[in-house]
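Enquirer:
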Amino acid sequence: MAATAAAVVVRPVTPVQASLWSDAWRRLRRNRLALAGAIYLAFLIVVALVALVHTPYPMAGVAVATPYSGPSAAHWFGADNLGRDVFSRVMVGAQISLTVGIGTQLIILAVGVPIGLAAGYFKGWFDSIVSFFVNVFYGVPDLLVALLLVVLLGHPGLDKIIIAISVTRWMDMTRLVRGQTLALREREFVEAARASGAKPFKILFGHILPNALGPVIVQATFGVPAAILFEAFLSFLGLGVPAPQPSWGSMAADGLSAIRIAPHMVIAPSIALSLTLMAFNFLGDGLRDALDPRSRR
Amino acid sequence: MPTPILQVRDLRTQFAADGGVVKAVDGVSFELYPGESLGIVGESGSGKSMTALSILRLVPDPGRIVSGQVLFRDQDLLQLTGEEIREIRGRDIAMIFQDPQSSLNPVLRTGFQVDEAMLAHGRPKRDARSRTLELLKKVRIPAAESRYKDFPHQLSGGMRQRAMIAMGLANAPAILIADEPTTALDVTVQAQILELLGDLNRELGTAIVMITHNMGVVAGLCSRVLVMYAGEIVEQGPVEQIFENPQHPYTWSLLRSIPRVDALRHERLRSIEGIAPDLLQPPSGCRFHPRCPFRIEKCFHDEPRLQDVAMGQQAACWVMMKRAREEMGADKLIDIRPGAASGVHPGEIA
Numbered sequence: 000m001a002a003t004a005a006a007v008v009v010r011p012v013t014p015v016q017a018s019l020w021s022d023a024w025r026r027l028r029r030n031r032l033a034l035a036g037a038i039y040l041a042f043l044i045v046v047a048l049v050a051l052v053h054t055p056y057p058m059a060g061v062a063v064a065t066p067y068s069g070p071s072a073a074h075w076f077g078a079d080n081l082g083r084d085v086f087s088r089v090m091v092g093a094q095i096s097l098t099v100g101i102g103t104q105l106i107i108l109a110v111g112v113p114i115g116l117a118a119g120y121f122k123g124w125f126d127s128i129v130s131f132f133v134n135v136f137y138g139v140p141d142l143l144v145a146l147l148l149v150v151l152l153g154h155p156g157l158d159k160i161i162i163a164i165s166v167t168r169w170m171d172m173t174r175l176v177r178g179q180t181l182a183l184r185e186r187e188f189v190e191a192a193r194a195s196g197a198k199p200f201k202i203l204f205g206h207i208l209p210n211a212l213g214p215v216i217v218q219a220t221f222g223v224p225a226a227i228l229f230e231a232f233l234s235f236l237g238l239g240v241p242a243p244q245p246s247w248g249s250m251a252a253d254g255l256s257a258i259r260i261a262p263h264m265v266i267a268p269s270i271a272l273s274l275t276l277m278a279f280n281f282l283g284d285g286l287r288d289a290l291d292p293r294s295r296r
Numbered sequence: 000m001p002t003p004i005l006q007v008r009d010l011r012t013q014f015a016a017d018g019g020v021v022k023a024v025d026g027v028s029f030e031l032y033p034g035e036s037l038g039i040v041g042e043s044g045s046g047k048s049m050t051a052l053s054i055l056r057l058v059p060d061p062g063r064i065v066s067g068q069v070l071f072r073d074q075d076l077l078q079l080t081g082e083e084i085r086e087i088r089g090r091d092i093a094m095i096f097q098d099p100q101s102s103l104n105p106v107l108r109t110g111f112q113v114d115e116a117m118l119a120h121g122r123p124k125r126d127a128r129s130r131t132l133e134l135l136k137k138v139r140i141p142a143a144e145s146r147y148k149d150f151p152h153q154l155s156g157g158m159r160q161r162a163m164i165a166m167g168l169a170n171a172p173a174i175l176i177a178d179e180p181t182t183a184l185d186v187t188v189q190a191q192i193l194e195l196l197g198d199l200n201r202e203l204g205t206a207i208v209m210i211t212h213n214m215g216v217v218a219g220l221c222s223r224v225l226v227m228y229a230g231e232i233v234e235q236g237p238v239e240q241i242f243e244n245p246q247h248p249y250t251w252s253l254l255r256s257i258p259r260v261d262a263l264r265h266e267r268l269r270s271i272e273g274i275a276p277d278l279l280q281p282p283s284g285c286r287f288h289p290r291c292p293f294r295i296e297k298c299f300h301d302e303p304r305l306q307d308v309a310m311g312q313q314a315a316c317w318v319m320m321k322r323a324r325e326e327m328g329a330d331k332l333i334d335i336r337p338g339a340a341s342g343v344h345p346g347e348i349a
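Taken in sequence, the protein lines are chains U and S. Residue numbers for the first sequence follow numbering that gives the first Met the number 0, beginning at 0 and rising by one. Residue numbers for the second sequence follow numbering that gives the first Met the number 0, beginning at 0 and rising by one.
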């Protein structure tokens with residue numbers, strides 16, 4: 000008996016988690032796929048930033064290599080139909096994809112969050128109007144709306160694409176925030192805040208939004224790859240960023256006609272695109288698990 | 000008699016429901032004097048919380064305050080604009096809630112939430128921080144500096160309720176409404192919180208309105224008590240007097256149902272027979288008659304009004320406990336089923 004008593008080891012008590020966020024960060028780090036996604040995305044952001052100041056060859060530089068020539072030491076991803084360096088163009092493409100993906104989500108956040116908060120909190124006629132428009136926009140095909148907008152907004156360009164995608168994709172965020180607000184507004188701490196004389200603005204942004212931030216972040220993270228894919232698709236159709244700006248979508252379209260003789264023209268941007276989409280989705284999944292209190296393990 | 004700081008007159012709050020109107024608060028009138036501690040007792044659904052929420056106009060949808068006056072410093076709170084009542088909330092009249100776990104925002108630091116109660120009423124940021132620390136000490140939170148930075152889930156239940164009280168007191172309100180502040184806490188912590196509220200009431204002169212279903216809480220803290228039943232006040236008066244000599248059978252039953260340590264071992268715990276009435280279709284006459292052992296025929300169709308029964312004490316009953324004691328042997332009563340003492344049953348009347 001004495002031996003068992005001696006074997007009892009006092010385990011150091013794990014420190015109390017400081018907050019929801021440090022808790023979430025701890026869980027996120029344990030998720031390998033999410034971590035890999037985050038690391039890849041960090042790398043992609045660095046590539047996009049480097050491309051701002053330096054690319055191995057000018058991205059629009061015609062005939063820096065033999066047209067259609069395959070990958071080589073000088074041209075890692077080969078050259079395209081005009082003899083441009085595909086590697087340099089993929090680098091600039093990263094910039095465009097990230098700009099579109101993050102840009103649309105920023106617009107969607109700026110629009111969806113306040114509208115969703117107000118609709119969920121005040122209910123009544125404002126909520127009816129918002130819900131009506133959300134349903135209308137879900138009803139019309141997003142491709143049709145985006146195509147129309149790109150044409151109607153005049154000269155194609157990155158800003159037009161961001162606007163077009165935002166217009167067709169703002170509903171998910173609005174609906175999510177509205178739903179969260181509807182649930183949170185009934186919570187006692189909101190009533191307590193009202194009882195202490197807090198103004199509606201303060202209640203919405205100071206009390207309700209911080210509690211809805213987890214799902215909002217997850218939604219935005221999933222929204223980025225969706226927007227990137229949409230942009231690639233528009234560019235593939237020739238309605239994206241204007242030449243000679245290289246979008247991964249338009250690069251793939253350029254290569255399609257020569258896929259038998261120069262498959263690298265399609266493969267290089269496609270792999271870049273796929274990896275990016277995967278990375279965002281893995282990260283989104285990881286964030287959802289990390290930020291959702293119900294999935295706590 | 001000093002002038003009351005709060006006068007509630009004929010307050011009526013109703014909820015639209017399927018198939019009618021629920022009269023949650025039905026013609027409630029009372030006064031609150033500066034520095035007083037007033038208890039409002041009643042069962043779940045008696046309208047005590049709705050009375051409190053109506054004062055600050057925080058009645059949840061689809062509830063509506065349909066009539067009455069709430070006079071605070073000669074101003075009718077029910078007539079103020081949204082902006083004006085918001086200024087009153089938390090500054091002049093503060094409120095703390097039942098469950099400190101859910102009344103604190105889980106993602107904001109505790110001290111910050113106390114700060115905010117002051118920032119909402121225009122106190123500069125630099126003052127707020129030091130005043131918060133002072134308040135946390137005042138509500139006896141140990142190591143206030145480090146608790147300031149803690150999130151609510153890092154505090155114990157009692158500590159959270161102390162933090163809520165600190166928030167309530169942040170702007171030195173004239174009135175603090177406490178809606179069952181001890182119900183979610185265990186008994187030893189309850190006692191500490193009650194003691195704290197009592198001390199704050201004496202030290203700061205803050206008038207306290209204590210809403211509870213627990214007669215023991217009233218005895219420990221309050222000087223005057225209102226007893227509510229089915230949306231109405233059935234009895235009110237000084238606490239000692241009511242405990243000593245309740246005149247409404249409902250109050251009498253409530254007091255009898257407190258478990259006693261000195262009760263005989265085999266003695267059954269006394270409860271009140273029957274269930275609280277459906278407020279969608281409240282009983283005719285006196286609303287307590289379906290559960291009252293002392294009811295007489297009049298109770299079935301005539302509604303009693305509050306009348307003076309002693310100095311400062313009023314009750315709304317056709318019989319009153321004085322008569323129940325003298326004529327129906329209330330003190331020795333074992334069988335407390337409806338109509339048992341008076342022998343009046345609905346079948347015989349019809």
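Beta carbons are placed, not taken as given, at the ideal position from N, Cα and C, and that holds for glycine.
Rounded to a whole number of angstroms, what is the C-alpha to C-alpha distance between S:Pro352 and S:Pro245?
Expert: No answer is possible for residue 352 of chain S: the residues shown for chain S start at 0 and end at 349.
Enquirer: How many Å lie between S:Asp330 and S:Cys221 at the Cα?
Expert: As a working note, residue 330 of chain S is residue 331 in the second sequence. As a working note, residue 221 of chain S is residue 222 in the second sequence. Roughly 26 angstroms separates the two Cα atoms.
Enquirer: Is it buried or exposed for S:Ile335, if we count other Cβ within 10 angstroms and need 16 for buried?
Expert: Locating residue 335 of chain S in the second sequence gives position 336, counting from the first residue. Classification for S:Ile335: buried.
Enquirer: Determine, for U:Phe188, whether the minimum Cβ-Cβ distance to residues of chain S falls below 7 angstroms.
Expert: Locating residue 188 of chain U in the first sequence gives position 189, counting from the first residue. With 7 angstroms as the cut-off, U:Phe188 counts as an interface residue toward chain S.
Enquirer: Say the cut is 6 angstroms; is the CB of S:Arg269 nearer than that to a heavy atom of the ligand COA?
Expert: This structure simply doesn't include the ligand COA, nor any ligand for that matter.
Enquirer: Please report whether the beta-carbon of S:Arg259 lies at a distance below 7 angstroms from any beta-carbon of chain U.
Expert: The residue you call residue 259 of chain S lines up with position 260 of the second sequence. False, the Cβ-Cβ gap to chain U never drops below 7 angstroms.
Enquirer: Identify, in the order they occur along the chain, each residue of the same chain with its Cβ nearer than 6 angstroms to the Cβ of U:Gly222, setting aside the five sequence neighbours on each side.
Expert: For the purposes of this step, residue 222 of chain U is taken as residue 223 along the first sequence, with counting starting at 1. Excluding residues within five positions, the ones whose Cβ falls inside 6 angstroms are Gln104.
Enquirer: Would you list, in chain order, the members of the stretch 20-51 of chain U that have their beta-carbon closer than 8 angstroms to a beta-carbon of chain S?
Expert: Going along the stretch 20-51 of chain U in chain order, one finds no residue with a Cβ nearer than 8 angstroms to chain S.
Enquirer: Give me whichever residues DSSP pairs with S:Gly67 in a beta bridge.
Expert: On the second sequence, position 68 is the one that residue 67 of chain S refers to. Paired residues: none, contrary to the question.
Enquirer: I need the boundaries of the beta strand (DSSP E) containing S:Val351, first residue and last residue.
Expert: The question about residue 351 of chain S has no answer here: the residues shown for chain S are numbered 0 through 349.
Enquirer: Which full runs of the beta strand (DSSP E) of 3+ residues lie inside the stretch 241-290 of chain S, going along the chain?
Expert: Segments of the beta strand (DSSP E) lying fully in the stretch 241-290 of chain S: there are none.
Enquirer: Residues of chain U with CB under 9 angstroms from S:Val208, in chain order?
Expert: Your numbering for residue 208 of chain S matches position 209 in the second sequence. Residues of chain U passing the Cβ test: none, with the nearest at roughly 13 angstroms.
Enquirer: Give the straight-line distance between the Cα atoms of U:Gly115 and S:Arg56, rounded to the nearest whole angstrom.
Expert: Numbered from its first residue, the first sequence carries residue 115 of chain U at position 116. Numbered from its first residue, the second sequence carries residue 56 of chain S at position 57. Using only the alpha carbons, I get a separation of about 25 angstroms.
Enquirer: Cβ of U:Gly111 within 7 angstroms of Cβ of U:Met58?
Expert: Residue mapping note: residue 111 of chain U aligns to position 112 of the first sequence, counting from 1. Residue mapping note: residue 58 of chain U aligns to position 59 of the first sequence, counting from 1. The answer is no: Cβ separation not under 7 angstroms.
Enquirer: Less than 7 angstroms between CB atoms is the rule here; does U:Thr65 satisfy it with respect to chain S?
Expert: Taking the first residue of the first sequence as 1, we reach residue 65 of chain U at position 66. False, the Cβ-Cβ gap to chain S never drops below 7 angstroms.
Enquirer: Please list, in chain order, the chain U residues whose beta carbon lies closer than 9 angstroms to that of S:Glu86.
Expert: By 1-based counting over the second sequence, the position of residue 86 of chain S is 87. The contacting residues are Gly196.
Enquirer: I want to verify the contact list: residues of chain S whose CB lies under 7 angstroms from the CB of U:Pro209, in sequence order.
Expert: Locating residue 209 of chain U in the first sequence gives position 210, counting from the first residue. The answer, in chain order, is Val106, Leu107.
Enquirer: Report the neighbours of U:Ala191 on chain S: residues whose CB is nearer than 7 angstroms to its CB, in chain order.
Expert: The sequence position of residue 191 of chain U within the first sequence is 192, counting from 1. Result: Phe96, Ser102.
Enquirer: Would you kindly check if the distance between the Cβ of S:Leu103 and the Cβ of S:Arg139 is under 7 angstroms?
Expert: Walking along the second sequence from the start, residue 139 of chain S turns up at place 140. Walking along the second sequence from the start, residue 103 of chain S turns up at place 104. No; because the gap between Cβ atoms is not below 7 angstroms, this pair is not in contact.
Enquirer: Going by DSSP in three states, S:Val216 sits in which element: helix, strand or coil?
Expert: Here residue 216 of chain S refers to the residue found at position 217 of the second sequence. It is helical.
Enquirer: For S:His344, which option in S:Pro123, S:Arg290, S:Met310, S:Gln313 has the closest C-alpha, if you only look at C-alpha atoms?
Expert: Taking the second sequence and counting its residues from 1, one reaches residue 344 of chain S at position 345. Of the listed residues, the one whose Cα sits closest to S:His344 is S:Arg290.
Enquirer: Going by C-alpha to C-alpha distance, which of S:Thr182, S:Phe287, S:Met310, S:Pro292 sits closest to S:His300?
Expert: Locating residue 300 of chain S in the second sequence gives position 301, where the first residue counts as 1. S:His300 has its Cα closest to that of S:Phe287, out of S:Thr182, S:Phe287, S:Met310, S:Pro292.
Enquirer: Mind checking S:Thr2: buried by the 16 CB within 10 Å criterion, or exposed?
Expert: As a first step, residue 2 of chain S must be located in the second sequence, where it is residue number 3. Exposed: under 16 other Cβ atoms inside 10 Å.
Enquirer: Let me see if you follow: with CB-CB separation under 7 angstroms, is S:Leu57 close to chain U or not?
Expert: Start at 1 with the first residue of the second sequence, and residue 57 of chain S comes out as number 58. Closer than 7 angstroms to some Cβ of chain U, the Cβ of S:Leu57 qualifies, so yes.
Enquirer: In the DSSP assignment, what residue or residues form a beta bridge with S:Ile39?
Expert: Sequence index remark: in the second sequence, residue 39 of chain S carries index 40 (1-based). Note: S:Ile39 sits in a beta bridge opposite S:Ile210, S:Leu225.
Enquirer: So for U:Arg296, helix, strand or coil by DSSP?
Expert: The count along the first sequence starts at 1 and reaches residue 296 of chain U at position 297. In this predicted model, U:Arg296 has a pLDDT of only 44, less than 50, meaning its place in the structure is not dependable; the value taken from the coordinates is given anyway. U:Arg296 falls in the coil class under three-state DSSP.
Enquirer: When the Cα of U:Arg184 is compared with those of U:Gly119, U:Gln94, U:Ile128, U:Met277, which residue comes out closest?
Expert: Within the first sequence, residue 184 of chain U is the residue found at index 185, counting from 1. It is U:Gly119 whose Cα lies nearest to the Cα of U:Arg184.
Enquirer: Run through the DSSP bridge pairs and tell me what S:Pro237 is partnered with.
Expert: By 1-based counting over the second sequence, the position of residue 237 of chain S is 238. DSSP output for S:Pro237 lists S:Arg223 as bridge partner(s).
Enquirer: What do you reckon, are the CB atoms on S:Thr109 and S:Ser53 nearer than 7 angstroms?
Expert: Numbered from its first residue, the second sequence carries residue 109 of chain S at position 110. Numbered from its first residue, the second sequence carries residue 53 of chain S at position 54. Result no, Cβ atoms of S:Thr109 and S:Ser53 do not sit closer than 7 angstroms.
Enquirer: How many angstroms separate the CA atom of U:Ser68 from the CA atom of U:Gly82?
Expert: Taking the first residue of the first sequence as position 1, residue 68 of chain U is located at position 69. Taking the first residue of the first sequence as position 1, residue 82 of chain U is located at position 83. Cα to Cα, the separation comes out at about 8 angstroms.
Enquirer: Have a look at U:Met170 and U:Thr180 and give me their C-alpha separation to the nearest angstrom.
Expert: Taking the first residue of the first sequence as position 1, residue 170 of chain U is located at position 171. Taking the first residue of the first sequence as position 1, residue 180 of chain U is located at position 181. About 15 angstroms.
Enquirer: What would DSSP say about S:Glu325, mapped onto helix, strand or coil?
Expert: For the purposes of this step, residue 325 of chain S is taken as residue 326 along the second sequence, with counting starting at 1. Helix at S:Glu325.
Enquirer: So what does DSSP say about S:Gly18, is it helix, strand or coil?
Expert: For the purposes of this step, residue 18 of chain S is taken as the residue at position 19 of the second sequence. Of the three classes helix, strand and coil, the one that applies to S:Gly18 here is coil, per DSSP.
Enquirer: Measure the CB-CB distance between S:Met209 and S:Ala165 and report whether it falls below 7 angstroms.
Expert: Stepping through the second sequence from its first residue, residue 209 of chain S is reached at position 210. Stepping through the second sequence from its first residue, residue 165 of chain S is reached at position 166. In this structure, S:Ala165 does not lie closer than 7 angstroms to S:Met209 by Cβ.
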